[in-house]
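Report on the structure given below.
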Ligand SMILES: [Mn+2]
């Protein structure tokens, strides 16, 4: 309820009549609904109104709190009911989630409610979710603990001859056994040359001795995500791969050591990036140092060179995940989830970052 009240205050402060929330993770965050179809109208004043369909008639009674509920019959759809109920008849300004609306819905609103000014909102619920409560942090912490257990287990299982898909299947299986509701995203298992692909989802390629294997995975626990990456070695690896491993490990640790509330996201990115650049691999680290994490795997703030506008505040949860990728050779990435604290940070991912040679 506190979340909805905060959002309603934001809607009011912006001089809007209401915000139409169409992004399902935002709807879950605001009222608890976990289904796959729904829209939530959050007015500046009065009770929020949630719309879904018949499939969720019983489920909403169990899940949804803080909103009036309308179940739409099978022959109609949610936007039609906005017209039938004349929902926006006394509105001047209706905001919508710019990054989470279909063109057809936008066009429908525009043509059916010509008297209403439609305001594209980019980062309204996003800003609300950026700062976590201690309860929310404990969910992410438990999701991260599941990740650590899965990593331990998978290290016992991994061996040359298995395919990347075999490893991904073990990660998914042990995630469930340890209480993860689902994978946070498509599991990345990238071995050998494929470890130079920052987002190399598992393939049928078989693992071989002398290769690095990057495992990047996460899970959802009570609606909150974790995200971790470890790169392991199968037997003896080349001197160059050992070298980039050490550089990434130190760059990642330096960012953790220097992180504290009050700095901005760009400064944090610079700490990891400068170390990698100093050692000659700046051009091989082509992605952000990290991102916010919570009800979604990727949230605000984004930790990169454009992050000056994001001051890091206590109780933000972010990832720190620098990497080096050498095309045709291999790559390394190491990622932890951390909570920004006043004088430093709390690292939620506890698996060792010393190179594991299996
Ligand atoms: Mn990540």
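Residue numbers (the working numbering): 1264 to 1621.
We treat Cβ as the ideally placed atom computed from N, Cα and C, and that holds for glycine.
Classification of residue i by the beta-carbon crowding that lies within 10 angstroms, buried from 16 upward
i	result
residue 1511	buried
residue 1437	buried
residue 1581	buried
residue 1270	buried
residue 1301	buried
residue 1378	exposed
residue 1616	buried
residue 1321	exposed
residue 1362	exposed
residue 1328	exposed
residue 1609	exposed
residue 1284	buried
residue 1462	exposed
residue 1493	buried
residue 1612	buried
residue 1360	buried
residue 1325	exposed
Beta-bridge partners of residue i, as assigned by DSSP
i	result
residue 1259	Coverage of the chain is limited to positions 1264 through 1621, which leaves residue 1259 absent and any answer about it impossible.
residue 1284	1303
residue 1378	DSSP, once it has assigned bridges, lists no residue as partnering residue 1378.
residue 1589	1593
residue 1445	1483
residue 1323	DSSP output for residue 1323 lists no bridge partner at all.
residue 1314	1302, 1333
residue 1554	1565
residue 1608	1603
residue 1451	1464, 1479
residue 1614	Bridge partners of residue 1614: none, in fact.
residue 1426	1469
Of the residues the options, the one placed nearest residue i, counting alpha carbons only
i	options	result
residue 1296	1282, 1525, 1486	1486
residue 1572	1582, 1593, 1529, 1552	1529
residue 1460	1279, 1410, 1596	1596
residue 1497	1567, 1593, 1278	1593
residue 1599	1478, 1606, 1301	1478
residue 1505	1536, 1473, 1532	1473
residue 1366	1342, 1281, 1279	1342
residue 1406	1455, 1439, 1315	1439
residue 1464	1431, 1475, 1446	1431
residue 1346	1321, 1323, 1373, 1330	1373
residue 1338	1517, 1356, 1316, 1352	1316
residue 1221	1298, 1307, 1364, 1309	For residue 1221 there is no data in the structure shown, the boundaries of the chain being 1264 and 1621.
residue 1469	1368, 1452, 1323	1452
residue 1489	1536, 1404, 1441, 1518	1404
residue 1383	1480, 1277, 1545	1277
residue 1570	1272, 1423, 1526, 1292	1526
Cβ-heavy atom distance, residue i to ligand 3, below 6 Å
i	result
residue 1582	Among the ligands in the structure shown, ligand 3 does not appear; only ligand 1 can be found there.
Contained beta strand (DSSP E) runs [length at least 3] in the stretch 1335-1413, N- to C-terminal order: 1356-1360, 1380-1384
Length-filtered (3 minimum) beta strand (DSSP E) runs lying within the stretch 1478-1539: 1482-1484, 1491-1496
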